[in-house]
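Take the sequence shown: its letter number 390 is residue 390 in UniProt numbering, and every next letter is one higher.
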Amino acid sequence: ESRLGESKGDKNEEEKGKETPSKDLAQKRDTKGGKDSKKEESVQKTDTKGKAEAEPKSKDSKAMNDKVKAMEKKLMGKDKKEEEEKGSVLKKDKKEEKSSGLKKDTGKDKKEEEKSSDLKRKDAGKEKKEEEKGSAAKKETEKDKKEEEKVPALKKDTGKDKKEEEKIPESKKQAEKDDKSEGRKEKDNKEEEKGSAGKKPEVDKKEKPQGEAEKVSEEKQNKAGAPKAEAAKDDEASSIFDELIERVKNNDAEVTEVNVNNSDCINTETLVRFAEALEFNSVVKVFALANTRADDHVAFAISIMLKANKALSSINLDSNHITAKGILAIFRALLQNSTLTELRFHNQRHICGGKTEMEIAKLLKDNATLLKLGYHFELAGPRMTVTNLLSRNMDRQRQRRLQEQKLAQEKGEKKELLEVPKAGALPKGSPKGSPQPSPKGSPKGSPKKGGGPAVPPP
């Protein structure tokens, strides 16, 4: 029942709510009708006022339009003037650019003309120089002919000199021959230079590159001539050692040491010749060639020599250009050598390295004669092994020396025993009689002939 009463109350309220908006709409419609009537009245009033006001406004607008048109005309005139001024400025700029371009062209033409004139002058100067060179070459050819005419006269003089040299001792002969050979070589060099200058063809005016090629060829000839002269000087210097090499080859007993240390004039070829000469020598004990620019060729020659030589005891190769290959070749040759006791190869230009040091230590294990090695090992392992091997060789040599001494003593004793003594002479082993008389016997110790034993003292 309470629920039904509540539902009825809700329906009544809804009906009342519907009625109230209908009343409100009617009131609003009444107010809108009043407002519309008022609006119509005000519109009529404003129309009359607008007509009255529109007439003066139309007059003002016409005056404004006239003013705007006048202003537009003035602006148009100004724009035309500005455009005309701009056109004139552009025309002037174009004219100025054309004139500047023409001036530049004229400047370039002048420069080209100046360059052509300079080139012509240079060509003329070169042609004059070439003509002067040609005349100089002709003069030099004439001089060469005169010198050729003098050559037979020089030959006659040399024949006379030879006769005179036969009277001079051998030492003076060698000195004079050296001086003459130097003078002749200088003359030959001069004649070659002159001949090369005379053989140059005269260059035409148009053939400039040919002249440049000839200059290059002259420079090449001069460069090639310089090493030839140096080689000639080296040959002359190495000829100093020819006599010593011959004495070593002939096994001269006076030459027991070959020392060419710090020699500036010695050549690798002469060092190789020394090594070849020492191959079958049995007198020379020391071969020293420190600081002589010896290389691997010399080292290989020394290795070949050590395989056959049985007299050398010391070799000095310090401060040279020998590489690891040459040093290992020498150590391999020591396996077939039993006389070398000292080898020095310190301070080489090329570092040996760890591998070569290990190889040296291996090769020295089979060598029993080397006692001194002049080299500072960088690695500690090879250094220790080599020092142990050298001390081993020293001990072996000491033992060998002691054995030889014992054998010599035994041989001497056997000879003394085997020798037969002569008649009336004492043998070597028997003692000689002393020149002093024998001592007298003491009376106390000697027993009496007829008596008994001596009484001991109290």
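Glycine included, every Cβ here is placed at the ideal spot set by N, Cα and C. Since the structure is predicted, the reported quantities are computational estimates derived from the model, not experimental observations.
In terms of residues, what are the limits of the beta strand (DSSP E) holding residue i?
i, result
"residue 287", "286-288"
"residue 272", "It is not in any beta strand (DSSP E) - residue 272 instead sits in the alpha helix (DSSP H) that spans 268-277."
"residue 541", "For residue 541 there is no data in the structure shown, the boundaries of the chain being 1 and 458."
"residue 298", "No beta strand (DSSP E) holds residue 298; the alpha helix (DSSP H) holding it covers 296-308."
DSSP three-state label for residue i, please.
i, result
"residue 1", "coil"
"residue 317", "coil"
"residue 6", "helix"
"residue 248", "helix"
"residue 12", "helix"
"residue 259", "strand"
"residue 264", "coil"
"residue 254", "coil"
"residue 282", "coil"
"residue 63", "helix"
"residue 338", "coil"
"residue 503", "Since the first residue shown for the chain is 1 and the last is 458, residue 503 is missing from the structure and cannot be characterised."
"residue 312", "coil"
Go ahead and label residue i buried or exposed: buried means 16 or more other beta carbons lie within 10 angstroms of its beta carbon, across all protein chains shown.
i, result
"residue 330", "buried"
"residue 89", "exposed"
"residue 292", "buried"
"residue 322", "buried"
"residue 96", "exposed"
"residue 327", "buried"
"residue 407", "exposed"
"residue 68", "exposed"
"residue 114", "exposed"
"residue 402", "exposed"
"residue 199", "Because residue 199 sits at a pLDDT of 45, beneath the cut-off of 50, its placement in the model cannot be relied upon, and the point is left open."
"residue 7", "exposed"
"residue 394", "exposed"
"residue 119", "exposed"
"residue 305", "buried"
"residue 351", "exposed"
"residue 2", "exposed"
"residue 254", "exposed"
"residue 201", "Any reading at residue 201 must be qualified, since the residue scores a pLDDT of 41, below 50, and its modelled position is unreliable; the value itself is stated next. When all chains shown are included, residue 201 counts as exposed."
"residue 206", "Caution applies to residue 206, whose pLDDT of 41 falls short of 50 and renders its modelled position unreliable; the model cannot decide the point."
"residue 361", "buried"
"residue 303", "buried"
"residue 75", "exposed"
"residue 250", "exposed"
"residue 417", "exposed"
Figure out for me which residue from the options has the closest Cα to the Cα of residue i.
i, options, result
"residue 256", "271, 245, 286, 280", "286"
"residue 280", "307, 295, 122", "307"
"residue 264", "302, 250, 320", "320"
"residue 276", "301, 283, 260", "301"
"residue 400", "417, 73, 369", "369"
"residue 247", "274, 266, 261, 269", "274"
"residue 348", "364, 312, 377, 339", "377"
"residue 388", "365, 379, 374", "365"
"residue 239", "271, 261, 250", "271"
"residue 356", "379, 139, 128, 109", "379"
"residue 259", "289, 268, 250, 80", "289"
"residue 367", "339, 382, 345", "339"
"residue 372", "61, 382, 391", "391"
Could you check whether the Cβ of residue i sits closer than 7 Å to any heavy atom belonging to the ligand FMN?
i, result
"residue 407", "Among the components of this structure there are no ligands whatsoever, and the ligand FMN is therefore not found."
For the alpha helix (DSSP H) that contains residue i, what are its first and last residues?
i, result
"residue 330", "324-333"
Any beta carbon from chain D within less than 8 Å of residue i's own beta carbon?
i, result
"residue 351", "Among the protein chains of the structure shown there is no chain D, as only one such chain exists."
Secondary structure, alpha helix (DSSP H): runs of 4+ residues fully inside the region 348-431: As far as the region 348-431 is concerned, its whole alpha helix (DSSP H) runs of at least 4 residues are 354-364, 380-418.
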